[in-house]
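In our numbering, the protein residues as written are 150 to 305.
Notes to accompany the following structure.
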């Protein structure tokens, strides 16, 4: 191995970091409503990309900024994790270069390689976990450590 993380490990990290972020939120969503909306957006967009990978142009977009309960978020994170694992396990040698046709939330037709989509999902989730951390910190809360290196060291 060349030291570069593989997609399977990155998606394991992504799910673990999403769970840690969710764990840092209070049970009462109204206390940090914006943080709940942001993490809800991150996990719903993961679901959207999963649907695009599997259904292409027929994929339906979920609500982009839902307010989900902590239980609903946990269930979605777990479902996304299982589905990304299944998709990655089923990819052949040319799976990452497969072109996916899809329609954006603005209605534009686009094409992207599956590998680019998968990399985007990781970056998108990381970006929004950072927003949640900022919201929690500015609201007197304490954000969980979700850095990849902490995951790779086994710190979470």
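Glycine included, each C-beta is placed from N, C-alpha and C at the ideal position.
When C-alpha distances from residue 255 are compared across 209, 196, 199 and 287, the shortest belongs to 209. Residue environment for residue 239: exposed (fewer than 16 other C-beta atoms within 10 angstroms of its C-beta). Under the three-state reduction of DSSP, residue 192 is assigned to helix.
Boundaries for residue 282: no beta strand (DSSP E) harbours it, while the alpha helix (DSSP H) harbouring it runs 263 to 287, taken from the DSSP string. In the DSSP annotation of this structure, the continuous segment of the alpha helix (DSSP H) that includes residue 226 starts and ends at 219 to 239. Counting along the chain, no alpha helix (DSSP H) covers residue 248; the unbroken beta strand (DSSP E) around it starts and ends at 248 to 252.
DSSP places residue 259 within a strand segment (E or B) once states are collapsed to three. Burial check for residue 158: the Cβ neighbour count within 10 Å stays below 16, so the residue is exposed. In the structure shown, residue 169 adopts helical secondary structure according to DSSP, grouped into three states. Residue 160 sits buried, since 16 or more C-beta atoms from the chains shown fall within 10 Å of its C-beta. Contact between residue 290 and residue 181 holds: CB atoms are separated by about 7 Å, below the 8 Å threshold.
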